[in-house]
Every structure is written in C-alpha cells, then in structure tokens.
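See below for the structure under consideration.
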Amino acid sequence: MPDFDPLKYNDEDLVVQEAKPKLKRPPLYKVILLNDDFTPMDFVIDVLMGFFAMTEQKATQVMLQIHTQGVGVCGTYSKDVAETKVYIVNDYSREHQHPLMCSMEEV
Ligand code: TYC
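In the working numbering, the protein residues as written are 2 to 108.
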C-alpha cells in the first residue's frame with residue numbers, strides 16, 4: 002500500500018480515515034497609502050523611505066503613482082506587521098499634522 006494512502010487498517014481490521022492535515026498559509030496584507038491634496042510630496046517620500054525601506058528613487062516613483070492614481074502599495078506583510086505599520090505611519094502623520102492616510106487590505 003503506498004505511503005500516502007490515508008486509509009489505514011487498525012488491529013480489528015477496521016478501516017480508519019486519518020484526518021487530512023488542515024494547513025493553510027496565514028493571509029497576507031497589503032499596506033496602502035491614499036492620496037490627499039495637502040500632505041507634501043517630500044513627507045510621503047520620507048515615510049516610504051523611513052517605514053518601508055525604499056530607496057529615494059523607489060519612494061519617489063511610488064509617491065507619484067499614489068499622487069496620480071489615488072492609492073499605492075507600500076508593501077505586503079503578515080497581519081501583525083501590517084497593523085503595526087498602519088498604526089505607526091498614521092501616528093507619525095498625525096504628529097506632523099498631515100492628513101496622510103495609511104490602511105491595509107487582505108491580499
Ligand atoms: N497629492 C499630494 C500633493 O499634491 C502628494 C501626496 C502623494 C499625498 C501621495 C499623499 O499618499 C500621498 N502634495
């Protein structure tokens with residue numbers, strides 16, 4: 002009988018079905034920034050470099066994409082990490098009195 006056959010025979014010759022392993026990868030979340038009319042472009046670039054480890058060139062490209070399309074992805078993370086990023090970015094923006102909004106979406 003092949004190794005992977007889930008049907009096994011116990012001592013009384015009864016067929017028993019082994020439980021199928023229920024392994025599912027935990028969901029991932031996109032952290033996104035939303036465009037607004039007031040947050041300075043340089044501030045958004047600083048956020049992308051400081052909190053999302055982007056180079057200045059990449060951060061400028063993402064900022065301009067958000068500016069023209071309305072929304073952009075900063076990165077993809079586990080739920081805990083995404084929640085923390087959203088919290089610290091929104092806190093940082095509020096501290097600097099900018100209305101920049103950071104949010105997350107399941108991938
Ligand atoms: N639209 C802003 C401006 O013209 C720049 C901006 C870019 C704001 C991206 C938010 O997520 C943002 N100053």
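Note that the Cβ used here is the ideal one computed from N, Cα and C, for glycine as well.
Where residue 16 falls, given that 16 or more other Cβ within 10 Å makes a residue buried: Taking the sequence shown and counting its residues from 1, the one referred to as residue 16 is at position 15. Exposed: under 16 other Cβ atoms inside 10 Å.
Exposure label - residue 64; buried when at least 16 CB within 10 Å: Along the sequence shown, one-based indexing puts residue 64 at 63. With 16 or more other Cβ atoms within 10 Å, it is buried.
Cβ-heavy atom distance, residue 32 to the ligand TYC, below 6 Å: What you label residue 32 is simply residue 31 of the sequence shown in a count that begins at 1. For the ligand TYC, not one heavy atom lies less than 6 Å from the Cβ of residue 32.
DSSP three-state assignment for residue 18, whether helix, strand or coil: Counted from its first residue, the sequence shown places residue 18 at position 17. In this structure, residue 18 counts as strand in the three-state DSSP scheme.
Beta carbon of residue 91 nearer than 7 Å to that of residue 67: For the purposes of this step, residue 91 is identified with residue 90 of the sequence shown, where counting begins at 1. For the purposes of this step, residue 67 is identified with residue 66 of the sequence shown, where counting begins at 1. Cβ distance not < 7 Å, so residue 91 and residue 67 don't count as in contact.
Assumed close pair residue 87, residue 32 - CB separation to whole angstroms, cut-off 8 Å: In the sequence shown, the residue the question calls residue 87 occupies position 86. In the sequence shown, the residue the question calls residue 32 occupies position 31. So it is a contact: roughly 6 Å between Cβ atoms.
Distance cut-off 6 Å: residue 74 Cβ against heavy atoms of the ligand TYC: Along the sequence shown, one-based indexing puts residue 74 at 73. No, the ligand TYC has no heavy atom inside 6 Å of this Cβ.
Simplified DSSP assignment, three categories, for residue 61: Here residue 61 corresponds to residue number 60 of the sequence shown, with the count starting at 1. Helix, per DSSP.
In DSSP terms, what residue 1 is bridged to: Nothing can be reported for residue 1, as the shown portion of the chain is limited to 2 through 108.
Close Cβ partners of residue 53 (< 6 Å) along its chain, the five nearest in sequence each way excluded: Here residue 53 refers to the residue found at position 52 of the sequence shown. Cβ within range, chain order: 75, 76.
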